[in-house]
Amino acid sequence: MSSPSTAGTRPDDVRRHNRAALLRRLHVDGPATRAKLATMLGLNRSTIKALVDSLAEDGVVEERVPAQRSGAGRPSLLVLPQPQAAVVLAVDIRVERTAMALVGIGGEILGRGSWNVREGTREPAEVFTKIVDTAVPLIEEFAVRPVAVGVSVPGVVRHADGYVHEAPNLHWSDVPLGAWLSRALEVTVHMGNDAELGAIAEQLRGAARGADDIVYVGADVGVGGGVISNGVSLRGAGGHHIGEIGHMVVRPGGLPCLCGSFGCWETEVGERALCRALGMDENSPVGAIVAELKDMPAAAVTDRLGEFTEWLAIGLGNVVNLLCPQLVVLGDLFAALPPALVAQVERIVRDRSLVSRALGGARVVTSSLGSDAKLLGAAELAFESVLAAW
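Our numbering puts the first residue of the sequence shown at -9, with every later residue one more than the last.
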């Protein structure tokens, strides 16, 4: 009897669906035996054998004896994705730095490039030119041809064509970056908001692995959020991301924000706000801020960062009440916050948030991917269509 998901479909369509599902499982979860793949995908062993044999013949996977054996008898072979069988180019554009990587199936980073972005080189055309000029030699060095490109941008991005409507902290408006890059690199380009892609990466490969309902909150110069609900990245009208939480007003009449409003959450907890709380110059480099946080004794956290902690907890409490996540992941600069501060924020959110109490306490954790979160998220965005086509 056919399952509801495959009833009435052609055998070739079912085979393509199963093939893509198997490769997706290997890409996200890593090497597995045929028996484990059969259990995970709900397919019989003969179907798994046919799929693995087909993918191996195409050079997409290989089977290998595990390095560590347990028990007597012949060990089960592991099925592994071949990283260079399909490679994507990932780009993470930030206010002060842009990073790039070639990423293979399975999430392996094959090569990297990065550069600091100065005030005079932040114009869209300048960033576009630098991306292309860096990508071409990187691609040539590793002798691979990317099958897709994923780009992370700190702003409002239209997924359909990579059109950047507005990126306040970059001072960008109406930039067709996706179209520019597609023409220059001659490959399909997928673009998304940086925090949304951070959430995707953390859920697939980081601190939120296995969680279906999460909010990722990242702080660079600005503050952004990405939302995963029931395992799916939430997007609003026109395919735009949901999560401009840095621009929710928490202090009416407060400091002016680059978005044009006043008293936005990022004016109270963003990079410049954290510098003020630490008694540092607002333009201090990220490395200096991280070093200051790392060296801070636990006993000094409340005295030095008490007000900052309060504003961070207020904003997160609003986010938890609105979106009801089981987990909040703090990324970028927030990932460097002292554990004592993070624990205090979690307690405040639990005590003040009705939804958090109903959930038994929404957990607040720091990113395990660090500065690579949005880069890996950009890669996953590119892989979505690539894996579906196998």
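Virtual Cβ for every residue (Gly too), placed ideally from N, Cα, C. Fair warning: this is a prediction, and the values are worked out from it, not measured in the lab.
- Pairwise C-beta distances place the stretch 322 to 338 out of contact with the stretch 37 to 53, as fewer than three of them are shorter than 8 Å.
- Using a Cβ-Cβ distance cut-off of 8 Å, the stretch 225 to 239 and the stretch 247 to 263 are in contact, since at least three pairs of beta carbons, one from each stretch, lie closer than that value.
- Cβ atoms of L323 and A209 come within 8 Å of each other, at about 4 Å.
- Linking R337 to W170 through their CA atoms gives a straight-line distance of about 46 Å.
- Residue burial annotation: N159 is buried, with at least 16 other C-beta atoms found within 10 angstroms of its C-beta.
- In the three-state DSSP reduction, L344 falls in the helix class (H, G or I).
- For N183, the three-state secondary structure derived from DSSP is strand.
- Assigned with DSSP and collapsed to three states, E86 falls in coil, not helix or strand.
- Taking every protein chain shown into account, the CB of P71 has 16 or more other CB atoms within 10 angstroms, so this residue is buried.
- For the pair A76 and V280, the CB atoms are not nearer than the 8 Å cut-off.
- Within the DSSP secondary-structure output, C254 pairs in a beta bridge with V239.
- The way I'd put it, the stretch 349 to 359 does touch the stretch 298 to 318; three or more beta-carbon pairs between them come closer than 8 Å.
- As DSSP reads the structure, W105 sits in a beta bridge with T88.
- Under the DSSP assignment, G168 falls in the alpha helix (DSSP H) whose first and last residues are L167 to L175.
- For the pair V81 and V107, the CB atoms are not nearer than the 8 Å cut-off.
- Around the beta-carbon of A288, fewer than 16 other beta-carbon atoms lie within 10 Å, marking it exposed.
- Spanning the alpha carbons of A150 and I190 requires a straight line of approximately 18 Å.
- Within the stretch 8 to 78, the complete beta strand (DSSP E) segments of 3 residues or longer fall at 51 to 54 and 68 to 71, listed in chain order.
- Distance from the CA atom of A267 to the CA atom of R294, rounded to whole angstroms, is 7 Å.
- Under DSSP, A138 shares a beta bridge with V78.
- Of the other Cβ atoms in all chains shown, 16 or more fall within 10 Å of the Cβ of R262; this residue is therefore buried.
- Inter-residue distance for S343 and N8 is about 42 Å (C-alpha atoms, whole angstroms).
- The three-state reading of DSSP puts W301 in helix, counting H, G and I together.
- Between E374 and the set S66, G94 and L248, the nearest pair of CA atoms involves G94.
- A check of alpha carbon separations from D203 across L31, E53 and I218 identifies I218 as the nearest.
- The three-state secondary structure of V4, taken from DSSP, is helix.
- When DSSP reads this structure, T356 sits in a beta bridge with L320.
- Measuring C-alpha to C-alpha distances from V165 to each of S346, D19, V143 and I38 identifies V143 as the nearest.
- Residues R262 and C265 of the same chain have their beta carbon placed closer than 6 Å to that of E272, with the five preceding and five following residues left out of the count.
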